[in-house]
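Protein chains: 2
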Amino acid sequence: MTRIARRMADIQPFHVMEILKRAHALAAEGRDIIHLEVGEPDFPSPAPIVEAGRRFLTSGHVHYTPALGLTALREAIARFYHDRFGADVAPERIIVTPGASGALMLALGVLTDPGDEWLLPDPGYPSNRHLVRSFEGKPVALPVDATTRFQPTPAHVAAAWTPNTRGLMVASPANPTGTLLELDEIVALRDTVAARGGVLIVDEIYQGLNYGVEASTALSRADDVFVVNSFSKYFGMTGWRLGWMVVPEGYVRDIEKLAQHFFISPSTPAQHAALAAFEPGTLEILEARRHAFADRRNALLPALREIGFRFATEPQGAFYLYADISDIAASSEELAQRLIEEAGVATTPGVDFGDNAPERHLRIAYTTDEARLVEAAERIRRVL
Amino acid sequence: MTRIARRMADIQPFHVMEILKRAHALAAEGRDIIHLEVGEPDFPSPAPIVEAGRRFLTSGHVHYTPALGLTALREAIARFYHDRFGADVAPERIIVTPGASGALMLALGVLTDPGDEWLLPDPGYPSNRHLVRSFEGKPVALPVDATTRFQPTPAHVAAAWTPNTRGLMVASPANPTGTLLELDEIVALRDTVAARGGVLIVDEIYQGLNYGVEASTALSRADDVFVVNSFSKYFGMTGWRLGWMVVPEGYVRDIEKLAQHFFISPSTPAQHAALAAFEPGTLEILEARRHAFADRRNALLPALREIGFRFATEPQGAFYLYADISDIAASSEELAQRLIEEAGVATTPGVDFGDNAPERHLRIAYTTDEARLVEAAERIRRVL
Ligand SMILES: Cc1ncc(COP(=O)(O)O)c(C=O)c1O
Ligand SMILES: Cc1ncc(COP(=O)(O)O)c(C=O)c1O
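Sequence order for the protein chains is A and B. Sequential numbering from 1 applies to the first sequence in full-length UniProt numbering. Sequential numbering from 1 applies to the second sequence in full-length UniProt numbering.
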C-alpha cells in the first residue's frame, strides 16, 4: 500500500456503526433488539411520494437532469417556502442536491480555502467537521451545553473568531440535542458573523419536526445565509438521497460548477418522487407523523427522567434526546455497551458528536414506535 | 458577497451546457435539433432493472443502506467480474457509490494531499482535473494524440513524474476519444506508476461498450489498482446515480469513513434496481444495445470522414467520436456554433476536455438512433 492522504488521520467513522454491528449480531442470535440509535424515521416514505416515484419509472427514461435539479422541483420548493413560512425565495437560488450531505459538500467546497476555520457547535452532527477537513479547512469546536440549549451564542462566536475564521455552522433543530434556535437568535448570529466578513450556514434538515413550537426558516429573516435542507427526515425519504440548499444569488454559478463535477446531477427518480412531497395529501401524512413523534417524545422523556437520565434543557425538535447520564454511569460508551448487551437496547454514545463531555452523554432516538419505546425504558430501568 | 474559495477560479463548468441551452432555445422556436453532444445512452433503463426498482419501492421502506452499499449488490458485482471476465474480486473490496463521480471523489479524497500531482491524459474526462483540484491536488496534463490512440504510455508517465506525483488516471474506453488500452498496456502503466510509489486509477465506466474488440478489466491482471465503474453507461442507468469502485483491500476502511460523511449511502432504490443488472435477461438487452451502438458507429464514422472529419485512430469503445476538424474549420467552438445554428446539430467542442489542441477537435456522440445520425451527417454536409 502507498500512503493515504493526511486528512484521513483526522476523519473519524460513525462510531455508532459498531453498536449497530453488535445489534445485528445479537439479533442474529435471536435476541430482540430495540433500536434507539438510528437517525432516520422508521416510517416508510409517504405513499404519494412512492407512487410518484413508481409512476415516473414506468417509462424507464431515467436520464441525467440539470446539475442544479429539475426546474419544477426548484419551483415547488420555492412555493413551499412561500406557503408554509411566508418566505420569498427565488427558485434560481435553490440547489437540489444528493441529500443535505451533498449540500454541505457544495457549501464547504465553494467557501473553504486551506486553513480556513469553521466554527462548529460541539456536540454537533459529526460529518460537518469531517467535511470541513476534507476541503483542508480547520474545524473549530464551540463547546456548548444545556445553559444555552446546546446552541452557540454571539458571545461564543465573537470569542472564537480569528482572522482565519470563514464562518459558523448551526443546525436548528439540532442533531444530537434536538434543540432549536429562535429566529431572533439566528439573526443575531448572522449579524455577528456578517460583521466579521464571514458566512452563516444554517442546517434546517429537521425542519418540520418540532413539538410545542412552530416550524420556521432562517430564510424568512435573512437572505445572505446558506440554508441546508433535505427530504430525508421530515419527508421520510432518507434512502432516496435528496436534499437542497438555498444560497445567496452570487454563489449559484460557482456551486453549479462544483455540482457538475461532484455529482453530475441528483437522483432523477428521487426528484420526480419529491415533486409529490409538498402536495396537501402528503403534508397531511407528514403532520400525522409529527404528532406521533411528539407522542413518542412525551412518553419517553419522563420515563427516562425517572430512571435517572437528565435533560437540563427540553429538546423540542428532531427525534433525538441527548441525555446527561452522569448520575447513572461514568462513561456513555460503557453504558451504551451495557444497554445493548444486557437490555437489548441500542443507543449512540456522545463520542460521535465531538469532544465536549461525550462520556457524559448518550443520544436516544425515538425512531421506533411508542410501545417499543416504553418497553425500552422499562428494560433499561431493570438493568440499571 | 464574501470571498469564494480559490479553487473555484480553476474549476470550469461543462462548456457543452451552453450548446445544450442553445439547442433547447432553438427547439423551443420549433427547430428540429439532433443531439450529438449528449454523454448518455438514449435508451431507457432496461425493463428488468426498472421493474426491480418499482418492485422494491412498493413497500415504501426506502432507508439508508450501509455506506459501502448493500452486501447483495457487492456480491453481485463480484460474481459479474468472475463470470464475465474470469476476475476474482472479493466483495469486500467493492465500494458502491453515487455514480463513477462518487467513486472518483472517494478515490481522490483518500489519496490526495495538498500539492500532490495527478497525471491526466489530455484530452480526458473534464471532471477529473476539477476533482483533483477540489482536494487541493494539482492536475498535470499529459498531452496525448492519435499516435498513441490518445492514451498515455509509460514513457509519457516517466517523463512527467516528479517527487510530488501521486499517480495516474486513465480511462478505457476513454471519453472523449472512445479509444481503449490493452491489458498489457495497463499492466505496463501500472508497473511504471508502482515503481515510483504511485497509484493507478483505471476508469472503466464505458466497459462493455466496445466494438470489434473484447471487453476487459484491469482487475484480471492487477489488484493493486483503483478501478472505477458505473451503472450509468453500459447498464443505461445514468439518472439513478449509481456506480462502484474496486480498491486494494488496505484502503477500504478509509474509503468507508469518507463515504459515510460525503454520501451517508448510495441511493437505495438504485441499488435494488441494479441487483437486476446482471441477470441474463438484462445482459441480453444490453448486448443488443451494444450491437446497435456498433451499427451507429459504423454508419456515422465513414459518413463523417467523407465530409472531411479526420480520425487518425479508430475509436473502438464508448459512444464517442473525437474528430480532428482542422480540414474543415479553424475553431471547433465556431464550428459547433455553426452546426447548431445552421444544421440544427449539437456537438461538443474540444474545450471541455483540456488544453491539448481543443480548437482542432469536436466530440460527436452517437447517442441517438441510426436514422437521425445519417440525417445529421447529411445536414452537416450541406452546411459545410
Ligand atoms: C444535522 C444533519 N445534517 C445533515 C444530515 C445529512 O442527511 P441527508 O444527507 O440524508 O440529507 C444529517 C443526517 O443525519 C443530520 O443529522
Ligand atoms: C470517463 C467518465 N468517468 C466518469 C463519469 C461519471 O459518470 P457517472 O457519475 O454517471 O457514473 C463519466 C460521465 O460521463 C465519464 O465519461
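All C-beta atoms in this analysis are idealised placements derived from N, C-alpha and C, irrespective of residue type, glycine included.
Status (buried if at least 16 other CB within 10 Å, exposed otherwise) for Lys21/A = Under this definition Lys21/A is an exposed residue.
message = With distance defined between alpha-carbon atoms, name the residue in Glu117/A, Arg6/A, Phe43/A and Thr177/A nearest to Thr162/A.
response = Measuring C-alpha to C-alpha distances from Thr162/A to each of Glu117/A, Arg6/A, Phe43/A and Thr177/A identifies Glu117/A as the nearest.
task = Compute every distance between the C-beta of Glu182/B and the non-hydrogen atoms of ligand 3, then say whether any falls below 8 Å.
result = Ligand 3 is not part of this structure, which contains only ligand 1 and ligand 2.
query = If you draw a straight line from the alpha carbon of Leu73/B to that of Gly39/A, how long is it in whole angstroms?
reply = Approximately 23 Å, taken between the alpha carbons.
task = Note down the Cα distance separating Ser172/A from Gly281/A, rounded to an integer number of angstroms.
result = Rounded to whole angstroms, Ser172/A to Gly281/A spans 26 Å at the Cα level.
inquiry  = Could you check whether Ala103/B and Val230/B sit closer than 9 Å to each other, using their CB atoms as the reference points?
reply    = According to the sequence provided, residue 230/B is Ser. The question's Val does not apply to it. Cβ distance < 9 Å, so Ser230/B and Ala103/B count as in contact.
key: Interface residues of chain B facing residue 385/A [CB-CB closer than 9 Å]   = Summary: the structure shown does not reach residue 385/A, with chain A confined to residues 1 through 384, and so no result is reported for it.
query = Out of Glu287/A, Gly308/A, Pro176/A and Val89/A, which has the shortest C-alpha to C-alpha gap to Glu37/A?
reply = Looking at the Cα atoms, Pro176/A is the closest of the given residues.
key: Nearest-angstrom Cβ-Cβ length linking His130/B and Asp352/B, presumed shorter than 8 Å   = About 11 Å separates the beta carbon of His130/B from that of Asp352/B, a gap too long to meet the 8 Å contact definition.
ask   = Cβ of His35/B less than 9 Å from any chain A Cβ?
value = Judged by the 9 Å Cβ criterion, His35/B is not in contact with chain A.
ask   = How about Gly137/B and Asp113/B: are their beta carbons less than 9 Å apart?
value = Yes, Cβ-Cβ distance for Gly137/B and Asp113/B is below 9 Å.
Three CB pairs or more closer than 8 Å across the region 40-50 of chain B and the region 145-152 of chain A = They do not touch, by the three-pair rule.
key: Within chain B, partners of Ser101/A - CB distance below 8 Å   = Those are His261, Phe262, Phe263 and Ile264, listed as they occur along chain B.
task = Grab the span of the alpha helix (DSSP H) containing Ser127/B for me, first residue to last.
result = Ser127/B: member of the alpha helix (DSSP H) spanning Pro126 to Ser134, first to last residue.
Per-residue contacts from Leu111/A into chain B (C-beta, under 9 Å) = Under a criterion of Cβ atoms nearer than 9 Å, the residues of chain B adjacent to Leu111/A are, in order, Thr2, Arg3, Ile4 and Ala5.
query = Where does Asp184/A land, buried or exposed, given buried means 16+ other C-beta within 10 angstroms?
reply = That one is exposed.
ask   = Considering only the beta carbon of each residue, do Ala294/A and Tyr211/A sit closer than 9 Å?
value = Contact flag set, yes.
query = When DSSP labels each residue in this structure, what does Phe262/A get in the three-state scheme?
reply = Secondary structure at Phe262/A: helix, using DSSP grouped into helix, strand and coil.
task = In the DSSP assignment, find the alpha helix (DSSP H) that holds Asp88/A and state where it starts and stops.
result = Counting along the chain, Asp88/A falls outside any alpha helix (DSSP H), and DSSP gives it neither H nor E.
Buried versus exposed, by CB contacts within 10 Å (16 or more), Arg93/A = In this structure Arg93/A is buried. Its beta-carbon is surrounded by 16 or more other beta-carbon atoms within 10 angstroms.
Residues from the region 266-282 of chain A in contact with chain D, defined by Cβ distance under 8 Å = This model lacks chain D altogether; the protein chains it does include are A and B.
Of the listed residues Ala323/A, Leu301/A and Ile205/A, nearest to Asp145/A (C-alpha basis) = The option with the nearest alpha carbon to Asp145/A is Ala323/A.
inquiry  = Less than 8 Å separating the Cβ of Thr238/B from some heavy atom of ligand 2?
reply    = Yes, ligand 2 has a heavy atom inside 8 Å of this Cβ.
query = Taking C-alpha atoms, which residue in Val227/A, Thr147/A and Tyr206/A lies nearest to Ile186/A?
reply = It is Val227/A whose Cα lies nearest to the Cα of Ile186/A.
ask   = Taking the alpha-carbon positions, what's the Gly344/A to Trp244/B distance?
value = Near 35 Å, if we compare the C-alpha coordinates of Trp244/B and Gly344/A.
inquiry  = Output needed for Glu249/B: all residues of its chain with C-beta closer than 8 Å, excluding positions within five of it in sequence on either side, in chain order.
reply    = Result list for Glu249/B: Ala90, Glu92 and Arg93, in chain order.
inquiry  = DSSP three-state label for Ala365/B, please.
reply    = The answer is strand: DSSP assigns Ala365/B an E or B state.
task = Provide the residue span of the beta strand (DSSP E) that contains Gly208/A, from first to last.
result = Segment: none, Gly208/A is in no beta strand (DSSP E) and carries neither H nor E.
message = Against chain A, with Cβ distances strictly below 9 Å, would Ser332/B count as a contact?
response = Chain A contact via Cβ: absent.
message = Measuring straight from C-alpha to C-alpha, what distance separates Gly30/B and Ala376/B?
response = Distance between Gly30/B and Ala376/B, taken at the CA atoms: about 17 Å.
query = Exposed or buried, Ser59/B, counting other C-beta atoms within 10 Å across all chains shown (16 or more means buried)?
reply = Result: exposed.
inquiry  = Please tell me whether Ile95/A and Val225/A are closer than 9 Å, where the distance is taken between their beta carbons.
reply    = Taking 9 Å as the Cβ cut-off, Ile95/A and Val225/A do not qualify as a contacting pair.
Pair within 9 Å by beta-carbon distance, Phe262/A and Leu106/A = Closer than 9 Å, so yes.
inquiry  = Using DSSP's beta-bridge definition, name the partner residues of Glu117/B.
reply    = In the DSSP assignment, Glu117/B forms a beta bridge with Lys138/B and Thr165/B.
Chain-ordered list of residues that sit, by beta carbon, closer than 6 Å to a heavy atom of ligand 2 = Cβ-based neighbours of ligand 2 within the cut-off: Ile264/A, Gly39/B, Gly99/B, Ala100/B, Ser101/B, Tyr125/B, Ala171/B, Asn175/B, Asp203/B, Ile205/B, Ser230/B, Ser232/B, Thr238/B and Gly243/B.
key: Contacting residues, own chain, Cβ-Cβ under 7 Å from Asp223/B (five flanking each side not counted)   = Once the five neighbours on either side are set aside, the close Cβ partners of Asp223/B are Pro248.
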